[in-house]
Amino acid sequence: MTTLIIIVAAIFTNNILLASFLGMCSFLACSAKIETALGLGAAVIFVMTCTTAINYGIYYGVLVENAPLLKTDLTYLQFIIFIAVIAAFVQFVEMFVERFSPALYHALGIFLPLITVNCAILGASLFMIIRRYSLAQSVGFGFGGGVGWALAITLMAGLRQKMGYSHIPKPFQGVAIIMIITGVMAMAFMGFAGMVSIQ
Amino acid sequence: MRLLLGILDRVRPIFEDGGKLRPMKPVFDATENFFYAPSARTQNAPHIRDPLDLKRFMSMVIIGLAPCVVAAFYFFGLRMLAMIVVSYAAGGAVEMLFAVVRKEEINEGFLVTGLIFPLILPPGLPLWIVAVGVAFGVLVGKEIFGGTGRNPFNPALVGRCFLVLGYPGVMSATYIVPGSGPLGRLTEYVGVEAMTRATPLAEAKQGVVAPIADLFWGNVTGSAGETAAIAIIVGGVFLVLTRVANWRTVAGIIGSFTVLGLVLHYARPDDFAPVGWHLLAGGLLFGAFFMATDPVTSPITNGGKWAYAVIIGAATLLIRNLTGYVEGMMFAILLGNIAAPVLDDVAVRLRLRRLQHEG
């Protein structure tokens, strides 16, 4: 039950993009078309779900003090280890996408390797530690966070496609108007605040 | 009326190319269009057979809003007039600034935004907050996207959302108790010094349930235009019959809200009040008839409209009953606006796929 609540909360009330503003760089760069946004969103869901699970195992199996595999306290290594795990995993996804969907691979271009430094993914792993989630909760949070991120970028892509017909004043063109739209989206998502709560 | 036309014709050259006040031409055009049809004529085909233009469209909405405005004056007094004037002045200033700088026309769209905005605010709200809200709504909700017809979000709701998140204390403490008797508060000008009281939706969370008859006739606290369900229904049905408001959106919102409300009330009666009461309380009807049906910010395709309406209905019910906010209509419509382009895209794709299968 708590896992389900965490998934819903990660999608709506604590949307990793619209409430914590993590993962903005690829959100700004890759939201011009709905197809690209969906592809990148799916990749993020997959990577986030898997990396939280792997990082959970590494953190509680090796890094913490008196862990089953290593008695020393190595938690200060969590950042570098988490990033290494994410980078390795993204390499795997990249090879997989290139093999099975070359079109998507070319559409995503440089941004697929950039998932490595997508702060939302590292953020999910770190939140999992800070909030002391169990394994099921962590995977749920990773999955929900990914879905929330994919939802936000898809909605943004739709709005940007519609805005192709707009006559936006020059100073607001480009990234500026996207930031403003993100702000209004965050305002609307505030409506879910308190619906379900995670720490 | 001849006199006015004479004046307009006499000052016209000052605003034409080469005139002294050329930069102020949008202001002149707006004044002229407000009183008369524009003097420009089409030179060759296509000629318009039925001039259903933005102007008539917006005039219809204003006629549809008239019952709500009358009800607001009756229940909350002459202060409504001040709020409407401030809303038009502050929002109009932003609109005019953009029109003059960008050398565009002033659009009739603002006539509706400027009238709806005071109707969705607490009637005792300080006037400077009204001005801040409408200026923010027009600027961020509309003008920086290129003006009327280009805005992805409803400008009035962007302004109100800004106020709810930015001034939550004032926004929840300025609900004036409505007037009663044959004249109501029609002859009074009352601000927050009059008695204020929480809205029925807020009181329901403490277990105080307002009678349905009061909700129907509007004798309850609430945002200025949303209290009298009867006035909203009269104006709203007029809009649906003249096809200014799309019936699919209205039916979808009310239908999804009712169905989900029935199911959840049956499943968890402690958390969810009866759906009939919820239908008349708060801003649901006003939003469904006047705000969600905005043709610019709602989806274009019929399939998209249904999905959009279901999102709004469901989100309103969930936000009302499960979150700290007592009213969810504003957030729900904004969420619907955000989802609208994607819904259109999906609807078009499904249609194309079906056509490909047939062809």
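For the record, the sequence lines run as chains A and B.
Position 56 of the first sequence, counted from 1, bears residue number 55 in numbering that gives the first Met the number 0, the numbering being contiguous throughout.
Position 248 of the second sequence, counted from 1, bears residue number 247 in numbering that gives the first Met the number 0, the numbering being contiguous throughout.
Glycine included, each C-beta is placed from N, C-alpha and C at the ideal position.
Unbroken alpha helix (DSSP H) runs of no fewer than 4 residues, entirely contained in the stretch 98-141 of chain B, are found at 108-118 and 126-140, following chain order.
Taking a Cβ-Cβ threshold of 8 angstroms, none of the residues of chain B is close to Gly-143 (chain A); the smallest such distance is about 17 angstroms. Rounded to whole angstroms, the separation of the alpha carbons of Pro-67 (chain A) and Met-189 (chain A) is 42 angstroms. By the 16-neighbour rule on beta-carbons within 10 angstroms, Ile-6 (chain B) is exposed.
Within the stretch 305-327 of chain B, the residues whose Cβ lies closer than 8 angstroms to some Cβ of chain A are Ala-314, Leu-317, Ile-318, Leu-321, Thr-322, Gly-323, Tyr-324 and Gly-327, listed in chain order. Counting the other Cβ atoms within 10 Å of the Cβ of Asn-301 (chain B) gives fewer than 16, which makes it exposed. Interface annotation, Arg-149 (chain B): in contact with chain A, CB-CB separation under 9 angstroms.
Taking C-beta atoms as the reference points, Phe-88 (chain A) and Ile-53 (chain A) count as a pair closer than 9 angstroms.
For the set A:Gly-60, A:Pro-168, A:Ala-86 and A:Gly-144, the Cα lying nearest the Cα of Leu-113 (chain A) is the one of A:Ala-86. Just measuring C-alpha positions, the residue of B:Asp-8, B:Val-26 and B:Leu-321 sitting nearest Phe-191 (chain A) is B:Leu-321.
Contact note: Phe-171 (chain A) reaches chain B through Ile-143, using a C-beta cutoff of 8 angstroms and chain order.
Around Ile-15 (chain A), the same chain offers Leu-21, Ala-119, Gly-144, Gly-147 and Trp-148 as residues with beta carbons nearer than 6 angstroms, after the five sequence neighbours per side are excluded. Scanning chain A for C-beta atoms nearer than 9 angstroms to the C-beta of Ala-338 (chain B) yields Leu-154 and Gly-157, reported in chain order. For the stretch 72-103 of chain A, the set of positions with a beta-carbon nearer than 8 angstroms to some beta-carbon of chain B is empty.
Leaving aside the five residues that flank Ile-318 (chain B) on each side, the residues in its chain whose CB is nearer than 7 angstroms to its CB run, in chain order, Tyr-324, Gly-327, Phe-330 and Ala-331. If you check the CB distance, Ile-33 (chain A) and Asp-8 (chain B) do not come in under 9 angstroms. By the neighbour-count criterion, in which 16 or more other beta carbons inside 10 Å mark a residue as buried, Trp-127 (chain B) falls on the exposed side. Take Phe-144 (chain B), set aside five residues on each side of it, and the residues of its chain with a beta-carbon closer than 6 angstroms to its own are Asn-150, in chain order. Taking the beta carbon of Val-207 (chain B) as reference, no residue of chain A falls within 8 angstroms; the closest one sits roughly 21 angstroms away.
Taking a cut-off of 8 angstroms for Cβ pairs, the stretch 195-204 of chain B and the stretch 90-109 of chain B do not touch, as fewer than three such pairs fall below it. The beta carbons of Ala-36 (chain A) and Ile-152 (chain A) sit about 5 angstroms from each other, so the pair counts as a contact at 8 angstroms. DSSP assignment within the stretch 110-158 of chain A yields no whole beta strand (DSSP E) run of 3 residues or more. Residue pairing by DSSP places Ile-175 (chain B) opposite B:Thr-195 in a beta bridge. Taking the Cα positions, Gly-286 (chain B) is about 39 angstroms away from Ser-137 (chain A).
Runs of alpha helix (DSSP H) with 4 or more residues, each lying fully within the stretch 187-250 of chain B, are found at 199-204, 211-216 and 228-240, listed in chain order.
DSSP, reduced to helix, strand and coil, places Met-184 (chain A) within a helical segment of the structure shown. Put simply, the backbone Cα of Asp-293 (chain B) is about 12 angstroms away from that of Ala-339 (chain B). Check the Cα spacing between Lys-161 (chain A) and each of B:Asn-336, B:Gln-355, B:Leu-351 and B:Ala-266: the tightest is with B:Asn-336.
C-alpha of Ile-311 (chain B) to C-alpha of Phe-97 (chain B): approximately 32 angstroms in a straight line. DSSP, reduced to helix, strand and coil, places Glu-326 (chain B) outside both helices and strands of the structure shown, so it counts as coil.
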